[in-house]
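Undergrad: Sequential numbering of the sequence shown, starting at 2, is according to the numbering used here.
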Amino acid sequence: MTNSPDRPSPMAPGTVAQAGPLLDSLERMLKDEYSVVRLPDDVESLDPAEAAKVRAVVTSGRVGVPSALMAALPNLEIVTNFGVGYDTTDVAQAVARGIRVTNTPDVLTDCVADTALALMLDVFRRFGASERFLRDGEWESRGFPLTRRFSGSTVGVLGLGRIGQAIARRAAAFDATILYTTRRPVEGVAWEHVASAVDLARRSDVLVVAVPGGAATENLVDAEVIRALGPDGYLVNIARGSVVDEDALVAALESGEIAGAGLDVFAHEPHVPERLIRDDVTLLPHVGSGTHETRNDMRDLTLANLRAHLAGDPLPTPVPEMAAV
Ligand code: 8YV
2 MTNSPDRPSP MAPGTVAQAG PLLDSLERML KDEYSVVRLP DDVESLDPAE AAKVRAVVTS
62 GRVGVPSALM AALPNLEIVT NFGVGYDTTD VAQAVARGIR VTNTPDVLTD CVADTALALM
122 LDVFRRFGAS ERFLRDGEWE SRGFPLTRRF SGSTVGVLGL GRIGQAIARR AAAFDATILY
182 TTRRPVEGVA WEHVASAVDL ARRSDVLVVA VPGGAATENL VDAEVIRALG PDGYLVNIAR
242 GSVVDEDALV AALESGEIAG AGLDVFAHEP HVPERLIRDD VTLLPHVGSG THETRNDMRD
302 LTLANLRAHL AGDPLPTPVP EMAAV
């Protein structure tokens with residue numbers, strides 16, 4: 002890609018914009034390399050002259066570039082998303098306008114899968130609750146109640162992409178029986194494909210949600226799927242809060258229709274409904290990819306995508322929808 006008078010150079014102030022907060026070191030490295038502008042949180046206060054300069058937006062999965070913001074950036078060429086999930090970015094508009102979108106797959110798979118295993122182990126074995134029990138001095142007077150064995154259980158993985166497969170591999174090391182549900186069976190895996198989420202939940206001791214967020218999967222785990230887990234079943238979600246009907250989950254927990262849940266993601270982060278804060282729910286503040294190593298890798302991949310675009314080189318990790326651009 003060559004620079005022309007109507008396409009400001011990458012170094013021209015405002016060419017690269019930031020939407021929402023980013024990892025400190027990513028913000029620093031962006032500022033060192035480009036004259037970055039920070040987009041306002043509310044799109045109405047965006048100055049049209051500034052908006053017209055923006056060719057690239059760097060954002061995170063939490064903030065993204067939603068419809069109104071994208072529509073207000075007439076010369077936008079690329080959204081580089083820090084995170085594998087990009088459901089907060091209007092990809093349909095991006096495809097229609099020839100705007101490129103990149104994300105950070107692979108580099109976070111291991112940490113997110115590790116988190117899923119930690120949540121599964123915790124909901125079965127209640128290590129967090131038992132630690133609170135010890136810290137509260139309760140061990141002085143009695144032992145902690147017995148829990149459930151995780152090894153050898155049946156783990157249902159909803160969505161068998163990179164992260165789903167990494168979860169399945171880890172659970173298999175605990176001698177779990179692995180079942181999974183995807184639209185079509187995944188070639189080259191030995192695990193049993195189950196056609197529907199309800200059947201998957203019915204046959205599993207724990208259902209792990211590992212599908213992308215967005216309109217296509219909104220409330221995919223609804224009251225019926227949750228209920229199908231039964232009073233001894235657990236739900237674990239490391240994907241997006243939008244995939245699970247949170248009200249239905251609260252209702253199922255309160256009525257004892259399921260045994261418990263392990264959640265790293267919520268419908269309206271960082272808000273966690275009071276009624277979800279229960280002893281039979283393990284709650285994490287969306288830390289799935291939150292290690293120094295992984296976040297640094299995500300940062301480097303985000304920057305590599307931005308630099309490649311501005312230099313006219315092939316993008317390292319365009320999102321799959323870019324095949325149509
Ligand atoms: C990040 C995530 O915390 O990659 C994702 O989709 O949810 C997490 O790794 C998030 O994108 C940062 O905003």
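Heads up, the beta-carbon is just placed ideally off N, CA and C, and yes, glycines get one too. If you're wondering where the values come from, they're calculated on a predicted model, not measured in any experiment.
Taking Cβ positions, are Gly242 and Val212 nearer each other than 9 angstroms?
TA: By 1-based counting over the sequence shown, the position of residue 242 is 241. By 1-based counting over the sequence shown, the position of residue 212 is 211. Cβ atoms of Gly242 and Val212: not closer than 9 angstroms.
Undergrad: Taking 8 angstroms as the cut-off, is the beta-carbon of Thr148 closer than that to any non-hydrogen atom of the ligand 8YV?
TA: On the sequence shown, position 147 is the one that residue 148 refers to. Checking every heavy atom of the ligand 8YV against the Cβ of Thr148, none is found closer than 8 angstroms.
Undergrad: Please work out which residues of its chain come closer than 7 angstroms, Cβ to Cβ, to Asn104, disregarding the five sequence neighbours upstream and downstream, and give them in chain order.
TA: Start at 1 with the first residue of the sequence shown, and residue 104 comes out as number 103. Once the five neighbours on either side are set aside, the close Cβ partners of Asn104 are Asn82, Gly84, Val85, Tyr87, Thr318, Val320.
Undergrad: Any heavy atom of the ligand 8YV inside 8 angstroms of the beta-carbon of Gly84?
TA: Walking along the sequence shown from the start, residue 84 turns up at place 83. True, at least one ligand heavy atom lies under 8 angstroms from that Cβ.
Undergrad: Identify every residue that forms a DSSP beta bridge with Ala18.
TA: Position 17 of the sequence shown, counted from the start, is the residue given in the question as residue 18. According to DSSP, Ala18 bridges with Val38, Val58.
Undergrad: In angstroms, rounded to a whole number, what distance separates the CA positions of Asp176 and Glu225?
TA: On the sequence shown, residue 176 is found 175 positions in, with the first residue counted as 1. On the sequence shown, residue 225 is found 224 positions in, with the first residue counted as 1. Cα to Cα, Asp176 sits roughly 28 angstroms from Glu225.
Undergrad: Would a C-beta distance cut-off of 9 angstroms place Val244 and Glu219 closer than the cut-off?
TA: Stepping through the sequence shown from its first residue, residue 244 is reached at position 243. Stepping through the sequence shown from its first residue, residue 219 is reached at position 218. Closer than 9 angstroms, so yes.
Undergrad: Ends of the alpha helix (DSSP H) at Asn306?
TA: Here residue 306 is taken as the residue at index 305 of the sequence shown, counted from 1. Asn306 -> alpha helix (DSSP H) spans 293 to 312.
Undergrad: Thinking C-beta only, is Ile168 closer than 9 angstroms to Ala130?
TA: The residue labelled residue 130 in the question sits at position 129 within the sequence shown. The residue labelled residue 168 in the question sits at position 167 within the sequence shown. It is not a contact, given that the beta carbons lie outside the stated cut-off.
Undergrad: Tell me whether Ala95 is buried or exposed, calling it buried when 16 or more other Cβ atoms sit within 10 Å of its Cβ.
TA: Against the sequence shown, residue 95 aligns to sequence position 94. Buried, because 16 or more other Cβ atoms sit within 10 Å of the Cβ of Ala95.
Undergrad: Leaving out five residues on either side along the sequence, give the residues of the same chain with a beta carbon under 7 angstroms from the beta carbon of Arg163.
TA: Stepping through the sequence shown from its first residue, residue 163 is reached at position 162. These residues qualify, in order along the chain: Pro106, Asp107, Thr110.
Undergrad: Can you tell me whether Val210 sits near the ligand 8YV, meaning its C-beta is under 8 angstroms from at least one heavy atom of the ligand?
TA: Counting from one through the sequence shown, the residue named residue 210 turns up at place 209. Because no heavy atom of the ligand 8YV lies under 8 angstroms away, the Cβ of Val210 does not count as near it: no.
Undergrad: Which two residues bound the contiguous alpha helix (DSSP H) that contains Ala252?
TA: The residue given as residue 252 occupies position 251 in the sequence shown. Note, Ala252: alpha helix (DSSP H), 247 to 255.
Undergrad: With a floor of 3 residues, list each beta strand (DSSP E) that falls wholly inside the segment 122 to 194, ordered by position along the chain.
TA: With a minimum length of 3 residues, the continuous beta strand (DSSP E) runs that stay inside the segment 122 to 194 are 155 to 159, 178 to 182.
Undergrad: Keeping to the same chain, check which residues put their C-beta closer than 6 angstroms to that of Val80; ignore five residues upstream and five downstream.
TA: As a first step, residue 80 must be located in the sequence shown, where it is residue number 79. Counting only Cβ-Cβ distances below 6 angstroms, and skipping sequence neighbours, we find Val58, Val66, Thr90, Val102.
Undergrad: Go ahead and label Gly189 buried or exposed: buried means 16 or more other beta carbons lie within 10 angstroms of its beta carbon, across all protein chains shown.
TA: Your numbering for residue 189 matches position 188 in the sequence shown. Its Cβ having fewer than 16 others within 10 Å, Gly189 is exposed.
Undergrad: Nearest to Val328 by alpha carbon, out of Gly21, Asp25, Pro14?
TA: This structure cannot speak to residue 328, because the chain is shown only from 2 to 326.
Undergrad: Under 7 angstroms Cβ to Cβ from Asn306, same chain only, skipping five residues before and after it: list those, please.
TA: Indexing the sequence shown from 1 puts residue 306 at position 305. Only Thr81, Thr103, Leu316, Pro317, Thr318 meet the Cβ criterion.
Undergrad: What does the alpha-carbon distance come out to for the pair Leu254 and Leu23?
TA: As a position in the sequence shown, residue 254 is number 253, starting the count at 1. As a position in the sequence shown, residue 23 is number 22, starting the count at 1. If you take the alpha carbons of Leu254 and Leu23, they lie about 35 angstroms apart.
Undergrad: Which ranges does the alpha helix (DSSP H) cover as unbroken runs of at least 4 residues, wholly within the segment 215 to 247, from first to last along the chain?
TA: If you keep only unbroken alpha helix (DSSP H) runs of at least 4 residues inside the segment 215 to 247, you get 224 to 230.
Undergrad: Quick one: grab the DSSP three-state call for Ala328.
TA: As shown, the chain starts at 2 and ends at 326. That puts residue 328 outside it, with no answer to give.
Undergrad: Got a sec? Which residues, its chain only, sit under 7 angstroms from Val273 by beta carbon, not counting five neighbours each side?
TA: What you label residue 273 is simply residue 272 of the sequence shown in a count that begins at 1. Listed in chain order, the non-local C-beta contacts of Val273 below 7 angstroms within the same chain comprise Phe267, Leu284, local neighbours out to five positions each way being set aside.
Undergrad: Quick check: what's the CA-CA separation for Val195 versus Arg185?
TA: On the sequence shown, position 194 is the one that residue 195 refers to. On the sequence shown, position 184 is the one that residue 185 refers to. Each residue's alpha carbon lies about 10 angstroms from the other.
Undergrad: Tell me the DSSP bridge mates of Val210?
TA: Mapped onto the sequence shown, residue 210 falls at position 209. Paired residue(s): Leu159, Asn238.
Undergrad: Spatial neighbours of Ala69 within its chain, please: C-beta separation below 7 angstroms, excluding the five flanking residues on both sides.
TA: Numbered from its first residue, the sequence shown carries residue 69 at position 68. Cβ neighbours of Ala69 beyond the five flanking positions: Val44.
Undergrad: Taking Cβ positions, are Val209 and Val237 nearer each other than 9 angstroms?
TA: Translated into positions along the sequence shown, residue 209 becomes position 208. Translated into positions along the sequence shown, residue 237 becomes position 236. The answer is yes: Cβ separation under 9 angstroms.
Undergrad: Based on the DSSP secondary-structure assignment, which residues constitute the bridge partners of His269?
TA: On the sequence shown, residue 269 is found 268 positions in, with the first residue counted as 1. Beta-bridge pairing links His269 to His272.
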